[in-house]
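Undergrad: Submitted below is the structure of interest, expressed as structure tokens.
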Amino acid sequence: MRNARCQWITSLVVVKLFAHGLTSQAAVIDFAHQVVPILRQHCLECHGENKSKGGFSMNRRELFFDGEVAVSGHASESLFVELIESTDPEMQMPPEDKPRVAPEQIKVLKQWIDEGMSWEPGFVFGGEGWEPPLKPRNIKLPKAQRGRDHPIDRILDAYLTEHGESSPAQISDAGFLRRATLDAIGLLPNPESLTEFIEDTSDNKRVRMIDNLLSNDVAYADHWLTVWNDLLRNDYTGTGFITNGRTQITTWLYAALRENMPYDRLVRELIAPISEDSAGFVNGIKWRGEVNSSQTREIQFAQNISQVFLGINMKCASCHDSFIDRWTLEEAYNLAAVFAETPLEVNRCDKPTGVVAVPKWLFPELGQVDPKAPRETRLQQLAELMTHSDNGRFTRTVINRIWDRLMGRGIVHPVDAMGTEPWSEDLLDYLAARFASDGYDLRKFIHFVMTSQAYQSQSVILQKEPGPDYVYTGPLAKRMTAEQFMDSIWQITGTNPSRAEAKVDRVGREEGESRKLHEQQVEAVSAKWIWHQGAVGKQSQLRHTFHLQSVPQTALMMTTCDNAFVMQINGREVTQSKEWDKPVYMEATRFLSAGENLIEIDAEMFGGAAGFICQISMLEKDKQMRAIISNAQWEARPPGGDWDAAKVLYMHGEGPWGNILNPKEAIMPMGPTSAVRAALVKNDFLMRSLGRPHRDQVVTTRPAELTTLQAIDLANGDILAQYLQQGAQQLTGKHGLGNWLYRHALSRLPTTGELNILKDVLGTRPDPAVVEDLLWLVFMQPEFQMIR
Amino acid sequence: MNSELLTRRDLLKQLSAASVATLGMGAPRVWAEAEEVVHPAARADSCILIWLAGGMAAPDTFDPKRYLPFELELDVDKILSTFPAIDTVVDDIKLTEGMEHLARVMDRGTLIRSAVQPDLGSILHSRHQYHWHTGYVPPITVAAPHIGAWMAKVLGPNSEVVPPFINIGQRLEGVGEKEELKAFTTAGFFGSQFGPMNLPYPADALKSVQPSKGMEPGRFANRYRHYRKLIDQNPNRAWVSDYRQESMLRSMDAAHRLLQSDERHAFDLTREPQAVREIYDTGRFGQGCLLARRLVESGARFIEVTTEYIPFKHFDTHENGHTTMKRMKSEIDRPIAQLILDLEERGLLDRTLVVVASEFSRDMMIEGVPGSSARDQSRAKTDKLKEMKQYGLHRHFTGGTSVAMFGGGVKKGYRYGRTADERPLVAVENPVSIEDLHATIHTAMGINPRTAYDIEKRPFFVTKDGLGQPVSEIFA
């Protein structure tokens with residue numbers, strides 16, 4: 001960041017006085033033995049390591065020039081010397097209350113400057129006390145204690161012993177199931193699976209449960225998409241799309257998660273995209289107009305790949321040599337130049353320097369990109385270097401992020417500062433090496449962590465936020481993400497949205513086969529545009545009754561209305577739309593039942609043409625196709641009028657609307673069994689309020705706590721209230737509602753004390769409003785909103 | 001009285017500091033070197049930003065220039081203003097026709113005529129608005145806090161229940177550039193505790209602080225009572241001491257305190273006498289001004305009231321500028337003037353800073369600044385006037401803009417800076433950058449312009465790079 005530095009320059013240019021004098025030469029000054037001790041004694045307390053008072057740090061030689069503090073070869077023109085020699089209390093350095101630099105020390109410094117300020121190559125004052133190693137390191141596992149032989153437990157048990165701590169107690173089956181389900185697929189276990197799991201007496205039931213959860217590839221991708229969208233700054237709406245300055249990687253990313261693409265390959269496809277599908281990350285956001293030189297697409301590239309894949313903060317170094325770690329302006333620009341299509345001039349604090357960056361990557365010990373190669377080749381080389389088997393920083397960074405997600409706090413904290421010392425280097429290095437030897441398999445790694453006794457331990461309760469002296473004593477509870485919160489509430493209230501914004505393939509494998517049948521058979525749209533007989537009017541009501549032998553395997557619906565409609569099937573709202581030119585494509589199986597089925601439409605026309613059209617293509621259990629289409633067999637009436645056969649206005653494809661329904665789209669939208677999840681829809685007011693970020697920067701950590709404004713939204717916000725109302729409609733009258741709700745939401749039964757309160761709330765004959773309150777009371781419990 | 005106020009304010013500050021301390025790992029710390037920053041004595045306790053969104057043409061409002069009425073075949077490059085100048089109660093300050101109410105209160109404040117904005121190469125309103133509201137030109141590497149979030153963060157709330165940062169009149173859904181608007185309508189890296197309470201429809205503001213539709217007050221109170229009981233009955237007793245659980249319950253409690261407090265009536269415009277409502281009611285903006293006054297009376301720290309940014313609407317005049325300006329002035333003139341008078345009458349103007357601003361100005365001929373490469377976005381290009389819709393200032397101009405400030409210790413009846421009398425109408429005397437303007441506003445509020453917080457181990461300053469210099473001449 002340019003802040004401090006640029007300000008230092010500006011403020012000093014004004015007071016700088018030029019004086020000329022002769023330089024005297026004696027023996028050559030030894031920087032390390034003569035200069036360093038003086039600087040350490042008098043200057044570094046304020047102007048070095050992580051301090052940069054007045055915006056000036058002397059960690060590196062160049063910083064003297066950046067701040068125009070010294071003129072190499074000319075001590076007498078150097079502000080540095082002038083300040084040290086000054087007796088003006090306003091000017092002098094060190095400040096008045098500090099001891100002065102001794103005359104003979106001043107002499108050394110002057111001579112050092114006059115001689116050209118020699119500096120050990122690569123020498124930096126301070127920097128980080130702990131230098132992170134680059135290469136992977138193999139760990140000899142400690143002996144297992146008390147038969148706990150999972151490698152994670154062997155390391156952690158030894159760690160705990162060493163720190164005088166004991167291993168945390170095991171979590172209950174119910175607690176485990178809730179935590180594991182939320183962590184692996186972002187959902188709550190339902191009451192049936194809870195019962196089944198608790199009653200299961202087999203030894204390895206936890207491992208089998210983890211297997212099952214992680215093999216649900218759609219649910220896994222639905223959940224982890226949130227994490228990766230945050231990390232890769234991917235979203236469906238947001239800054240930059242308005243001017244086509246940004247593209248999504250959603251379809252590619254989702255497929256990569258679903259098929260469990262190895263992480264090294266995933267990163268290679270991100271850094272050196274083989275198609276446009278994964279190019280949105282490295283391309284960054286292009287803003288209309290001019291941008292600060294530290295925010296060009298090239299610099300965004302350098303910043304983002306450093307932060308996301310290596311846990312390196314390149315933001316400081318994008319403007320000037322970093323004060324906080326070893327990265328320099330040159331390194332940031334050289335990395336950016338790998339991506340640049342044309343020669344990239346280095347800018348310091350937004351000012352051109354005349355130096356052209358040379359495409360280079362950050363760790364030459366692993367190899368280097370060929371600066372003369374074309375851009376595409378350079379990116380491929382960079383991708384190979386990033387995922388090089390000797391790049392331990394790459395594997396450590398990603399496994400630390402996953403550890404943080406699962407265990408509540410990274411082995412290195414914060415997760416973006418991988419230059420910070422881990423609380424257990426052995427654990428970090430072991431996991432990183434294991435991840436690589438397991439083929440960079442993300443799901444296998446998650447499985448590995450979850451099967452440890454450490455993961456399956458009780459969470460630690462914290463009186464205050466842990467500081468840098470953190471000692472691991474067990475997993476920490478996590479706050480639900482906005483998406484986990486929404487998904488859980490939708491799950492219980494049955495209010496998942498009907499349409500996904502994300503264009504992703506969620507079709508299950510079995511389902512894929514039935515889709516094929518659909519594709520072969522659902523080609524023509526035979527539905528017709530209908531309305532009621534007689535004068536068109538503004539509104540029309542339409543309905544149709546049909547009989548089903550059994551609930552079909554799939555039921556793909558496509559429908560639209562000029563201009564607006566609300567559809568119910570069997571009394572439940574299915575969908576509504578006000579955009580006739582965006583037909584609704586959805587899976588409607590869950591609304592259908594064996595026997596009589598009733599579709600009801602409230603249609604409205606705002607002016608101009610009126611018409612409603614609908615086609616439901618069903619694949620029945622016997623693999624036979626059947627279609628429900630809007631036609632003259634439907635009934636229709638103006639509001640308050642008499643039911644009559646619907647009037648057929650046009651065939652599909654005729655009339656003012658053209659071929660508006662596209663059967664191919666109907667086959668795409670989603671799986672019949674898996675409802676649309678929060679990660680797949682646009683950010684809304686409630687999710688934003690609960691911490692889903694506006695993804696125009698990389699965001700790796702969500703807010704850990706609930707704020708008052710968020711609490712207001714939860715107390716009286718319309719969006720949440722609607723879900724609760726809709727859920728209450730369906731749950732009113734449910735037998736044993738309180739118990740069911742507690743088991744679903746919290747994976748436990750209410751205690752007698754709680755049950756008494758619930759009874760008090762529900763009264764004898766609860767109406768939907770009361771059930772709505774009950775839902776709120778449970779969803780607002782910290783126990784619900786935390787994953788303990 | 002005064003000392004009582006101080007004590008109360010200090011207490012609130014302590015409270016807010018305590019909650020910050022427990023905010024967790026996301027809570028930014030004061031940048032170590034900025035700890036030594038001494039805040040100036042506050043001249044105001046509250047700030048109202050009247051945001052005339054879309055680029056309000058100064059020559060047609062606060063900075064009249066040579067006026068030529070509409071006339072067929074008139075050379076457009078002769079036109080500087082499309083409204084004649086009018087006198088105000090201050091001798092050397094003229095405004096334009098349609099601002100007669102404001103003309104009568106110009107002796108209560110300072111008019112800066114020389115605010116300037118950088119040329120960003122291409123005008124995107126929301127980008128300039130981001131710059132104006134955060135002090136930083138996007139894109140930047142961290143999410144920058146809105147100026148209101150800075151006040152919420154540094155000064156804390158003024159009231160135990162009213163949120164410190166309230167944003168009135170701007171819809172964030174269903175309008176163009178909405179994602180860009182959301183990007184700065186936020187507390188950024190400070191976290192949402194310091195973010196805005198958004199009230200796009202002032203007449204419905206009460207809804208935000210009362211139970212949702214269909215929820216009777218009794219039921220609402222009862223629900224919360226049951227909630228507290230359930231919390232008390234929770235079998236996992238040990239979690240009571242967990243700091244995150246504790247903080248969550250504290251937030252739930254604060255929310256319910258507001259939703260059941262007397263202060264929530266401040267959000268209810270129907271509690272104003274009909275006559276008062278009529279004075280203000282020129283539409284959503286006027287109602288917003290009235291709401292802002294009520295909220296200041298109840299202890300809000302920072303309030304923004306906007307005419308609302310919608311691309312090509314309101315002050316964003318790409319064509320038909322004169323006619324649109326006439327309507328817009330009738331919408332803003334009376335409510336702003338009345339707000340000033342009401343605050344004064346209640347003795348609040350001295351401790352409330354009212355800032356009237358826009359992201360840039362407009363000109364008949366020049367897009368951006370003279371010599372800019374910015375694409376001409378006028379939709380009514382012509383050399384000579386052929387029809388009324390060509391009559392108006394249709395190009396974005398960043399070389400000289402007016403900002404009016406009232407109350408909060410600024411000079412009364414004072415003019416600062418000047419733009420040229422002939423095109424280009426650039427600031428020719430005392431140009432004021434966004435950094436300096438922010439430094440002035442923050443200084444009035446008692447915030448040192450060098451205040452900084454630590455984000456990713458780097459300082460992030462309240463004015464860009466900590467360089468903003470207050471325009472001290474405008475303080476009384």
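Residue numbers (my numbering), protein chains in the order written: chain A, 1 to 788; chain B, 1 to 476. Virtual Cβ for every residue (Gly too), placed ideally from N, Cα, C.
Roughly how many whole angstroms lie between the Cα atoms of A85 of chain B and L95 of chain B?
TA: As a working note, residue 85 of chain B is residue 85 in the second sequence. As a working note, residue 95 of chain B is residue 95 in the second sequence. Each residue's Cα considered, the two are about 6 angstroms apart.
Undergrad: Can you say whether G467 of chain A is buried or exposed, counting buried as having 16 or more other CB atoms within 10 angstroms of its CB?
TA: For this step, residue 467 of chain A is matched to residue 467 along the first sequence. It counts as exposed.
Undergrad: Leaving out five residues before and five after V108 of chain A in sequence, what residues of the same chain have Cβ atoms less than 8 angstroms from its Cβ?
TA: Start at 1 with the first residue of the first sequence, and residue 108 of chain A comes out as number 108. Closer than 8 angstroms at the Cβ level, and outside the excluded window around V108 of chain A, lie I29, Q34, V35, I38.
Undergrad: Among B:P424, B:E473, B:A53, which residue has its Cα nearest to the Cα of T443 of chain B?
TA: Reading the second sequence from its first residue, position 443 is the one you call residue 443 of chain B. Cα-wise, what sits closest to T443 of chain B is B:E473.
Undergrad: For T239 of chain A, go through chain B and note every residue whose CB falls closer than 7 angstroms to its CB, in chain order.
TA: Position 239 of the first sequence, counted from the start, is the residue given in the question as residue 239 of chain A. By Cβ distance, chain B contributes E179, E180, A183.
Undergrad: Looking only at its own chain, which residues have a Cβ that is under 8 angstroms from the Cβ of I231 of chain B, when we skip the five neighbours before and after it?
TA: Sequence index remark: in the second sequence, residue 231 of chain B carries index 231 (1-based). Counting only Cβ-Cβ distances below 8 angstroms, and skipping sequence neighbours, we find L249.
Undergrad: So the candidates are A:I613, A:N244, A:K647; which of them puts its Cα closest to the Cα of A535 of chain A?
TA: Locating residue 535 of chain A in the first sequence gives position 535, where the first residue counts as 1. Answer by Cα proximity: A:K647.
Undergrad: Ignoring anything shorter than 3 residues or poking outside the region 674-703 of chain A, list the beta strand (DSSP E) runs there in chain order.
TA: Correct list: empty.
Undergrad: Grab me the residues of Y263 of chain A's own chain with a C-beta within less than 7 angstroms of its C-beta, minus the 5 sequence neighbours each way, in chain order.
TA: Translated into the one-based positions of the first sequence, residue 263 of chain A becomes position 263. Closer than 7 angstroms at the Cβ level, and outside the excluded window around Y263 of chain A, lie V398, Y440, L442.
Undergrad: Starting from Y453 of chain B, follow the beta strand (DSSP E) in both directions and report where the run begins and ends.
TA: Looking up residue 453 of chain B in the second sequence gives position 453. 452-455 is the extent of the beta strand (DSSP E) around Y453 of chain B.
Undergrad: Please check if any C-beta of chain B sits within less than 7 angstroms of the C-beta of T707 of chain A.
TA: Position 707 of the first sequence, counting from 1, holds the residue named residue 707 of chain A. True, the Cβ-Cβ gap to chain B drops below 7 angstroms.
Undergrad: Starting from L619 of chain A, trace the beta strand (DSSP E) in both directions and tell me its first and last residue.
TA: Along the first sequence, read from residue 1 onward, the residue named residue 619 of chain A stands at position 619. Where L619 of chain A is concerned, the enclosing beta strand (DSSP E) stretches over 611-619.
Undergrad: If we cut at 7 angstroms on Cβ distances, does Q274 of chain B have a partner in chain A?
TA: Taking the first residue of the second sequence as 1, we reach residue 274 of chain B at position 274. No - not a single Cβ of chain A is within 7 angstroms of the one on Q274 of chain B.
Undergrad: DSSP three-state label for G48 of chain A, please.
TA: Here residue 48 of chain A corresponds to residue number 48 of the first sequence, with the count starting at 1. G48 of chain A: coil per DSSP, three-state reduction.
Undergrad: I'd like the ranges of any alpha helix (DSSP H) spanning at least 4 consecutive residues and lying wholly in the region 215-249 of chain A.
TA: Those alpha helix (DSSP H) runs which fall completely within the region 215-249 of chain A and span 4+ residues are 217-231.
Undergrad: Using three-state DSSP, classify A255 of chain A as helix, strand or coil.
TA: Residue 255 of chain A sits at position 255 when you count from the first residue of the first sequence. Helix, per DSSP.
Undergrad: Three-state secondary structure (DSSP) at M586 of chain A?
TA: If you number the first sequence from 1, residue 586 of chain A lands on position 586. Looking at M586 of chain A - three-state DSSP - the assignment turns out to be strand.
Undergrad: Among the candidates A:A454, A:A627, A:I185, A:R179, whose CA atom is the shortest distance from the CA of A221 of chain A?
TA: Within the first sequence, the letter at position 221 stands for residue 221 of chain A. It is A:I185.
Undergrad: Return no unless some Cβ of chain B is closer than 7 angstroms to the Cβ of E501 of chain A.
TA: Within the first sequence, numbered from 1, the residue matching residue 501 of chain A stands at position 501. No, no contact with chain B.
Undergrad: For V566 of chain A, does the three-state DSSP call read helix, strand or coil?
TA: Here residue 566 of chain A is taken as the residue at index 566 of the first sequence, counted from 1. Note: V566 of chain A maps to strand in three-state DSSP.
Undergrad: Is any beta-carbon of chain A found at less than 7 angstroms from that of I226 of chain B?
TA: Taking the first residue of the second sequence as position 1, residue 226 of chain B is located at position 226. Here residue 226 of chain B turns out to be His, not Ile, going by the sequence shown. Closer than 7 angstroms to some Cβ of chain A, the Cβ of H226 of chain B qualifies, so yes.
Undergrad: Where do the N-terminal and C-terminal ends of the alpha helix (DSSP H) with A337 of chain A fall, by residue?
TA: Position 337 of the first sequence, counted from the start, is the residue given in the question as residue 337 of chain A. Unbroken alpha helix (DSSP H) run through A337 of chain A: 329-339.
Undergrad: S278 of chain A to K664 of chain A, Cα distance in whole Å?
TA: Within the first sequence, residue 278 of chain A is the residue found at index 278, counting from 1. Within the first sequence, residue 664 of chain A is the residue found at index 664, counting from 1. For S278 of chain A and K664 of chain A, the distance between alpha carbons rounds to 24 angstroms.
Undergrad: Based on the DSSP output, what are the partners of Q576 of chain A in its beta bridges?
TA: Here residue 576 of chain A refers to the residue found at position 576 when the first sequence is read from its first residue. In DSSP, Q576 of chain A forms a bridge with A:V566.
Undergrad: Following the continuous alpha helix (DSSP H) through R395 of chain B, name the residue where it begins and the one where it ends.
TA: On the second sequence, residue 395 of chain B is found 395 positions in, with the first residue counted as 1. Not the alpha helix (DSSP H): R395 of chain B falls in the beta strand (DSSP E), residues 395-397.
Undergrad: What's the gap between the Cα of A476 of chain B and the Cα of K412 of chain B?
TA: Walking along the second sequence from the start, residue 476 of chain B turns up at place 476. Walking along the second sequence from the start, residue 412 of chain B turns up at place 412. Taking the straight line joining both Cα atoms gives about 8 angstroms.
Undergrad: Mind listing the chain A neighbours of K229 of chain B? Cutoff is C-beta to C-beta under 7 angstroms, in chain order.
TA: The residue given as residue 229 of chain B occupies position 229 in the second sequence. Here the neighbours are I757.
Undergrad: Classify E345 of chain B as buried or exposed, calling it buried when 16 or more other Cβ atoms lie within 10 Å of its own Cβ.
TA: By 1-based counting over the second sequence, the position of residue 345 of chain B is 345. So E345 of chain B counts as exposed.
Undergrad: For chain B, check one thing: does any of its Cβ atoms lie closer than 7 angstroms to the Cβ of R288 of chain A?
TA: For the purposes of this step, residue 288 of chain A is identified with residue 288 of the first sequence, where counting begins at 1. At least one chain B Cβ lies under 7 angstroms of R288 of chain A.
Undergrad: Please check if any C-beta of chain A sits within less than 7 angstroms of the C-beta of G24 of chain B.
TA: Taking the first residue of the second sequence as position 1, residue 24 of chain B is located at position 24. Reliability of the predicted coordinates at G24 of chain B is poor, the pLDDT of 32 falling under 50, and no value is obtained from them.
Undergrad: When we look at the beta-carbon of E91 of chain B and count the other beta-carbons within 10 Å, is it buried (16 or more) or exposed?
TA: Here residue 91 of chain B corresponds to residue number 91 of the second sequence, with the count starting at 1. Looking at the sequence provided, one finds Asp at residue 91 of chain B rather than Glu. Label assigned to D91 of chain B: exposed.
Undergrad: Taking CB distances under 7 angstroms as the criterion, tell me whether V462 of chain B reaches chain A.
TA: Translated into the one-based positions of the second sequence, residue 462 of chain B becomes position 462. Chain A contact via Cβ: absent.
Undergrad: Using a Cβ-Cβ cut-off of 7 angstroms (strictly less than) and excluding sequence neighbours within five positions of D63 of chain B, which residues of its own chain qualify?
TA: Residue mapping note: residue 63 of chain B aligns to position 63 of the second sequence, counting from 1. Cβ neighbours of D63 of chain B beyond the five flanking positions: R113, S402, T419.
Undergrad: In chain B, which residues lie with their C-beta within 8 angstroms of the C-beta of S689 of chain A?
TA: Here residue 689 of chain A is taken as the residue at index 689 of the first sequence, counted from 1. Per Cβ cutoff of 8 angstroms: S192.
Undergrad: Can you tell me which of A:P656, A:A502, A:A433, A:G311 puts its alpha carbon nearest to the alpha carbon of H413 of chain A?
TA: Taking the first sequence and counting its residues from 1, one reaches residue 413 of chain A at position 413. H413 of chain A has its Cα closest to that of A:G311, out of A:P656, A:A502, A:A433, A:G311.
Undergrad: Can the beta-carbon of V332 of chain A be found less than 7 angstroms from the beta-carbon of S318 of chain A?
TA: Indexing the first sequence from 1 puts residue 332 of chain A at position 332. Indexing the first sequence from 1 puts residue 318 of chain A at position 318. A small correction: the amino acid at residue 332 of chain A is Ala; Val does not occupy that position in the sequence shown. The answer is yes: Cβ separation under 7 angstroms.
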